[in-house]
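A short worksheet on the structure shown next.
In the numbering used here, the protein residues as written are 124 to 293.
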């Protein structure tokens, strides 16, 4: 195995037997892109905040230049006027938490697809993982991805047996 790949194997596997689900370089690239996306969202927030200040200043000047609404200009008060005055942004912390949650949800969904883990999960495991992603997705990191894949690999036998039991309990 090269240094660019990681072995994901349950602790109880025999030495030499591995289950490689995804190359280390792929995980590293995914995590780097995630970090970059979050940095770009923070940069975008700053740009939006600055543009909102400029929009509010422009709206004040426009209001001072033409403060009257009459039959000659009322038609301009439609939807377009709203965004000309700027947009209300949440605080940076809340904005970034939303960005992190959405990005991490998307990355975990990609990891599940990329590794084919969904095929190994029974309904209960899928429901539990989906609920965790919906409520509070774990932060995406190389360590968390590896730990999740190891745990699912270690639980594979139990998940299989539980899936069979669910089938016959219906």
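Every residue, glycine too, gets a C-beta built ideally from N, C-alpha and C.
Residue of 192, 279, 220 minimising C-alpha distance to residue 116
In the structure as shown, the chain begins at 124 and stops at 293. Residue 116 is therefore absent and cannot be evaluated.
How big is the Cα-Cα spacing for residue 228 and residue 256?
6 Å
CA-to-CA distance, residue 191 to residue 197, given in whole angstroms:
9 Å
Between which two residues does the alpha helix (DSSP H) containing residue 233 stretch?
Here the alpha helix (DSSP H) through residue 233 covers 215-238.
Tell me which same chain residues have a C-beta within less than 6 Å of the C-beta of residue 235, skipping the five on either side of it?
Result list for residue 235: 241, in chain order.
So, does the region 205-217 touch the region 162-179, judging by three or more C-beta pairs under 8 Å?
yes
Reduced DSSP category for residue 205 - H, G, I as helix; E, B as strand; rest coil:
helix
Neighbourhood of residue 161 by C-beta distance below 8 Å, restricted to the same chain and skipping five residues each side
Closer than 8 Å at the Cβ level, and outside the excluded window around residue 161, lie 219, 222, 223, 226.
Once the 5 residues before and after residue 189 are set aside, which same chain residues still bring their CB inside 8 Å of it?
196
Alpha carbon of residue 231 to alpha carbon of residue 263, nearest angstrom:
7 Å
By the DSSP assignment, the alpha helix (DSSP H) with residue 246 in it spans what residues?
246-258
Nearest-angstrom Cα separation, counted from residue 217 out to residue 244
Between residue 244 and residue 217, the C-alpha separation is close to 33 Å.
Can you have a look at residue 276 and say buried or exposed, based on whether 16 or more other CB atoms are within 10 angstroms of its CB?
buried
Alpha carbon to alpha carbon, what distance is there between residue 288 and residue 129?
Confidence is the limiting factor: at residue 129 the pLDDT is only 38, short of 50, which leaves the residue's position unreliable, though a coordinate-based value still follows. Cα-Cα distance, rounded: 33 Å.
Since residue 238 contacts residue 285 with CB under 8 Å, what's their CB separation in whole angstroms?
Wrong, their Cβ atoms sit about 20 Å apart, outside the cutoff.
Just how far apart, CA to CA, sit residue 184 and residue 272?
57 Å
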